[in-house]
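Scroll down for the structure; my scribbles are underneath it.
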Amino acid sequence: MSVDLDQTPRSLLVCDQSSFLDEKNRVSSQVEQLHFNYKVSVLLPECSSTPSHLDSVLNSFSSFYLIRKLPIYELLDKHFLETSVYQGSVYGLSYRTRIDEDNCVALTPDGRLFLSLDKDSFQVLGVEGKPSRFNHRTNSRFVVSIDLTDSSMAPGGRSYQRLLTGLRSRLHLKTDFLLSHHPGGGASLQPLLSRYDWSEHRPEVSSHTLTHLSSPDLQSCDPHSFLEWLGAVDANISCENLSSSFLSSLVCPEPKTTLSRSLRVTICGMLLPQDVHRLIQEIRCYLEQPRLESWVSMTVHGFVDSPISWGVHEHGVLRGGENFYSLLLFHDHTYRLHLATGAHDTCPP
Amino acid sequence: MVRWKSRYLLCEVNVVDRSRLLLLDDRAVAGAVKAAVARIHGDYGAALCSIRFCVKYLNAHTGIVLLRFPKSCYRILWSALPFITSVESRGQKIPCFLNCLHVGGTIRTCQKFLVRYNTQQLHRMLPKCKNEEEKQQICKAILNCTLTGKDKEESEDESENEEDEEE
Amino acid sequence: MSVFMDLNLCSSADRSGLRSLIETAAHLGFSTVAINYVLEPTAKKKPEIPTPTPISDLMDGLPIVQGRSRPIRVLNRLTVVMSDASHFRLNAAEYRHFDLLAVQPTTEKLFHAACLLYDVDIICISLTEKLPFFFKRAPVNGAVDRGVVFEVSYSAAIRDSTLRRYTFTNAFSLMDTCKGKNVILSSAAEKALELRGPYDVTNLGLLFGLSNGDAKEAISSTCRSVLLHAETRKTASGVIYTMKSSSESSCQERAPPECEAPAAKRAKPT
Amino acid sequence: MRRDDKKEESAVFQRVVLKNASPYHYMKVCLVLGDESTRLSAVELKHFIITGLKSLHGEVGAALPFDLLKYDEDTLTALLRVHSRGLVKLWSSLTLLGSYQSQACAFRVLQVSPFLLALTGNSRELQLDEGSASSSSG
Chain A
1 MSVDLDQTPR
11 SLLVCDQSSF
21 LDEKNRVSSQ
31 VEQLHFNYKV
41 SVLLPECSST
51 PSHLDSVLNS
61 FSSFYLIRKL
71 PIYELLDKHF
81 LETSVYQGSV
91 YGLSYRTRID
101 EDNCVALTPD
111 GRLFLSLDKD
121 SFQVLGVEGK
131 PSRFNHRTNS
141 RFVVSIDLTD
151 SSMAPGGRSY
161 QRLLTGLRSR
171 LHLKTDFLLS
181 HHPGGGASLQ
191 PLLSRYDWSE
201 HRPEVSSHTL
211 THLSSPDLQS
221 CDPHSFLEWL
231 GAVDANISCE
241 NLSSSFLSSL
251 VCPEPKTTLS
261 RSLRVTICGM
271 LLPQDVHRLI
281 QEIRCYLEQP
291 RLESWVSMTV
301 HGFVDSPISW
311 GVHEHGVLRG
321 GENFYSLLLF
331 HDHTYRLHLA
341 TGAHDTCPP
Chain B
1 MVRWKSRYLL
11 CEVNVVDRSR
21 LLLLDDRAVA
31 GAVKAAVARI
41 HGDYGAALCS
51 IRFCVKYLNA
61 HTGIVLLRFP
71 KSCYRILWSA
81 LPFITSVESR
91 GQKIPCFLNC
101 LHVGGTIRTC
111 QKFLVRYNTQ
121 QLHRMLPKCK
131 NEEEKQQICK
141 AILNCTLTGK
151 DKEESEDESE
161 NEEDEEE
Chain C
1 MSVFMDLNLC
11 SSADRSGLRS
21 LIETAAHLGF
31 STVAINYVLE
41 PTAKKKPEIP
51 TPTPISDLMD
61 GLPIVQGRSR
71 PIRVLNRLTV
81 VMSDASHFRL
91 NAAEYRHFDL
101 LAVQPTTEKL
111 FHAACLLYDV
121 DIICISLTEK
131 LPFFFKRAPV
141 NGAVDRGVVF
151 EVSYSAAIRD
161 STLRRYTFTN
171 AFSLMDTCKG
181 KNVILSSAAE
191 KALELRGPYD
201 VTNLGLLFGL
211 SNGDAKEAIS
221 STCRSVLLHA
231 ETRKTASGVI
241 YTMKSSSESS
251 CQERAPPECE
261 APAAKRAKPT
Chain D
1 MRRDDKKEES
11 AVFQRVVLKN
21 ASPYHYMKVC
31 LVLGDESTRL
41 SAVELKHFII
51 TGLKSLHGEV
61 GAALPFDLLK
71 YDEDTLTALL
81 RVHSRGLVKL
91 WSSLTLLGSY
101 QSQACAFRVL
111 QVSPFLLALT
121 GNSRELQLDE
131 GSASSSSG
């Protein structure tokens, strides 16, 4: 044992640079793989009001439902499986549960159910799972991952029955649950909703005008300074400091330019990757017209307490469960993508 | 049996007036180290400095001190040593600074180093003797001391008894 | 990881103070807290073992844990400060009123006995004075094997600079001996402003010489195993659990909610 | 700190993975005072934090550079930036600060992250119960 107060937990930042015109670009798969998005924030330089196209896309983001005290075995309901899960594009995530403390549940659009359980619950449930990757000395957290579309999980089958009785009569897992589905998928959630206390929520859109914003040179700026600057813009932090100032020495990286009027639009709630993808397409159209500044930046934050982040990779919280990406789009269809995760996470795709 | 791992720092107390070295004692040096650590590293440092810290050996004649720190935090404690500017002993303030000569894992390695170091010093000093007679005297004195092992001379005394290593 | 717990909130006669302590703990994100009653027998007088105040008397409804939809769980704990072996009575019936049992030995002999013999859940180390003894590996390892945990409380370090130094020194030598295993971090807070959030406590654990993972376990998983250990103390090796049928209603309340679970599985510490 | 280029197929597509390279950590903290009417200015708050650093980590701690990026006097909420190497020291001294001008106080650390952006999108802050929704139950 040695004393080292200088160490901080791991953090990862992946920087991709490519063009939408390049066939190998993977933006759409990277966007699709982050299933549970909490907040999207778009920064439009030299823009005074939201362009109507963007506005309509933002306002057409799918709404989501909050179900209070949903018993998780309801997700295995035969009717629900047939009308929703098998149709695809159903997103579900437990709400008001914390991944490092409580039992968390996630339902992904491809019909997989993820349960992140503490040791007691896991043993009581009695279903096969594996220890969490982020256990420390003892195995105190377990992850159960079930493919509901698999033939062995068909209603009536043995493993289906085992899970159902586990959830229904042994574990009694009940949580508040966020549920959403993509309208194109054809799933219907109403039968499930009608049985419980639920409410419908629309993602909240807000916009904010920033005047006299200094911005760094985006082509030469290093990733961390760029993300810091973007964070400062999002958090309304002034970069107008002297580097010798007592209170704060945060400055905009040189060389910098000043943007007279910029617009920041944020949308918050449980957002679907499909909608985010539509937004990206719309921003690309927006960039095609000649403008004063030829870039737009978009940041997407994932849910901190989701059992998975990108794809099916397990996600956890050590001190903060950050998982977000920031996409910087340019006029010439090139882009820069920064994907960041905290200590308990795998490398983003 | 598992051993408590320690680090021993062999330091030299440098003063202007060598006669005042004789005023030093273990407690004064320990106090000066603790005060410096508390000033530089605050409560946290002061707390670390009370775990198994002690002045293992002090030679007031030559100004050699051997400090023991726990291995896990000796670096942070060591970093405070340069900030010692004086040692207060018997009501007197002795301006001095500590010069760390060697860091060892056991007292034995420190002792070995000290013997070698002092031999070097002797070779450096000998040419400075005013005449041949003086040189002879010193050599004789040293030889006496090593042979009998009982040193009353003021020359380099290496007879530090080997302290038992803690188990 | 399991839920965050703070197994030491100082009890006091001031009920509103205690209420605000529990409320603050819930607000900070602790899901389980224990109210600590201290018994300090001296050579001259032997005080009565206190009976814990039922939570229902203290507050009407339990506060909701922040960011969650369930209320906080409040336990009772007794700490016996021992300066003599006679101060701790094995199997005293009065101890059964408490969910958790802790001892605070003040001599090396008693520390040795507490680690290896006494049927307790927690061994408190007085962190606010120079320890009269060193931690030896043998008794500490014995305690680790038996599932008894050591407690380090931080609120003294908030109050005063001298106490802070002792806290760090003693905590650090303890961690050196037990290598971060079987340690819980708790507040021992008397006032609501002496409580700190779970992640803050984790970070403070680094200064006590714990690693990131160990520090987080010290307020979650290890606390959970303490609770399980406490349950096995009440039961026959965690296999059989007896309840008096006459006072069924009161017992039922204290019995943990997931009672249907196979006892053997739940009772295994860690 | 490690920097490894996973692949570099052409000049167009480039992927760089930065591990533990974040130079700063960001903290969102809130000061709770025993007497709720007391107000601090930004300079006072920074001095107060430095006092805490000095008492816990001595002169080395007092010399630790950190920035007060944003401060709201009404809610006593602040955003701090500190070099990653100094995070543990700053955080621990905030934790152990117990009194401001002889009144009890406590710093509540709301969030810590190596990315400033993460502080603006914390899903734990999602509140869905307060109105704004067309609610129905069945």
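Chains as they are written, first to last, in the UniProt record's numbering: chain A, 1 to 349; chain B, 1 to 167; chain C, 1 to 270; chain D, 1 to 138. In this text, a Cβ means the ideal position worked out from N, Cα and C, and glycines have one as well. Because the structure is a prediction, the values reported are computed rather than measured.
Within 8 Å, strictly: CB atoms of residue i and residue j
i      : j      : result
C:N212 : A:L318 : yes
C:T32  : C:L75  : yes
B:D43  : C:R164 : yes
A:S297 : A:L43  : yes
D:Y26  : D:L119 : yes
B:C73  : B:L98  : no
A:L274 : A:H182 : A small correction: the amino acid at residue 274 of chain A is Gln; Leu does not occupy that position in the sequence shown. For A:Q274 and A:H182, yes; Cβs fall inside 8 Å.
D:L116 : A:A235 : yes
A:T211 : A:L263 : no
A:L5   : D:A21  : no
D:G52  : D:L97  : yes
Chain-ordered neighbours of residue i on chain D, where CB pairs are closer than 8 Å
i                      : result
residue 324 of chain C : In the structure as shown, chain C begins at 1 and stops at 270. Residue 324 of chain C is therefore absent and cannot be evaluated.
B:R39                  : G58, E59
Chain A residues whose Cβ lies nearer than 7 Å to that of residue i
i     : result
D:A42 : L247
D:A78 : Correct list: empty, because the minimum Cβ distance to chain A is about 10 Å.
Neighbouring residues, chain C, relative to residue i (Cβ below 7 Å)
i     : result
D:T95 : R196, D200, N203, L204
D:S92 : N203, L204, L207
A:R98 : G67
Classification of residue i by the beta-carbon crowding that lies within 10 angstroms, buried from 16 upward
i      : result
C:D84  : exposed
C:E151 : buried
C:S247 : Any reading at C:S247 needs caution, since the residue's pLDDT is 47, under 50, leaving its predicted position unreliable; the model's value is listed next. Burial call: exposed.
C:F133 : exposed
C:P269 : Because C:P269 carries a pLDDT of 44, less than 50, the predicted location of this residue cannot be relied on, and no value is offered for it.
D:V43  : exposed
C:S249 : Per-residue confidence for C:S249 stands at a pLDDT of 46, beneath the threshold of 50, marking its modelled position as unreliable; the derived number appears in the next sentence. Exposed, by the Cβ-count rule.
A:F324 : buried
A:M270 : buried
A:C285 : exposed
C:H87  : buried
D:G86  : buried
B:C54  : exposed
C:K181 : buried
C:M82  : buried
Neighbouring residues, chain B, relative to residue i (Cβ below 8 Å)
i      : result
C:R165 : D43, A46, A47, S50
D:L64  : Ordered by position in chain B, no residue passes the 8 Å Cβ test against D:L64, which lies about 11 Å from the chain.
C:S161 : D43
C:T169 : A47, L48, S50, I51
C:S155 : Result: empty, since nearest Cβ-Cβ is about 15 Å, beyond 8 Å.
Anticipated Cβ contact below 8 Å, residue i with residue j, distance rounded
i      : j     : result
D:L110 : D:K28 : 4 Å
A:H277 : A:S18 : Between A:S18 and A:H277 the Cβ distance is about 16 Å, and since that is not below 8 Å, they are no contact.
B:P31  : B:V37 : Sequence inspection shows Gly at residue 31 of chain B; the Pro mentioned does not correspond to that position. Between B:V37 and B:G31 the Cβ distance is about 11 Å, and since that is not below 8 Å, they are no contact.
A:P191 : A:T83 : 7 Å
C:S11  : C:I49 : With a Cβ gap of about 13 Å, C:S11 and C:I49 do not count as contacting.
Chain-ordered chain A contacts of residue i [CB-CB under 8 Å]
i     : result
D:L18 : L12, L13, V14, C15, P223, H224
D:T51 : Those within 8 Å of D:T51 in chain A number zero; the least Cβ separation is about 15 Å.
Chain C contact residues for residue i, given Cβ-Cβ distances below 9 Å
i     : result
D:S55 : S161, R164
D:V82 : Near D:V82 there are no residues of chain C at all, since even the closest Cβ is about 13 Å away, more than 9 Å.
Under 9 Å by beta carbon: chain D residues contacting residue i
i      : result
A:D275 : Correct list: empty, because the minimum Cβ distance to chain D is about 16 Å.
query: Residue ranges of each beta strand (DSSP E) run of no fewer than 3 residues wholly in the region 14-89 of chain C, ordered along the chain?
result: With a minimum length of 3 residues, the continuous beta strand (DSSP E) runs that stay inside the region 14-89 of chain C are 32-39, 73-82.
message: Runs of 4 residues minimum, wholly inside the region 5-76 of chain D: which ones carry the alpha helix (DSSP H) assignment?
response: Counting whole runs of 4 or more residues, the region 5-76 of chain D contains the alpha helix (DSSP H) stretches 42-62.
query: Hey, which unbroken runs of the beta strand (DSSP E) at 3 residues or more fall wholly within the region 140-216 of chain C?
result: Correct list: 149-153, 183-186.
field: Sequence ranges, beta strand (DSSP E) only - wholly within the region 105-131 of chain A, length at least 3
entry: For the region 105-131 of chain A, whole beta strand (DSSP E) runs of length 3 or above, ordered along the chain, are 112-118.
message: If we require 3 or more residues per run, which beta strand (DSSP E) segments fall completely within the region 177-265 of chain A?
response: Taken in chain order, the unbroken stretches of beta strand (DSSP E) that lie wholly in the region 177-265 of chain A and span 3 residues or more are 197-201, 204-216.
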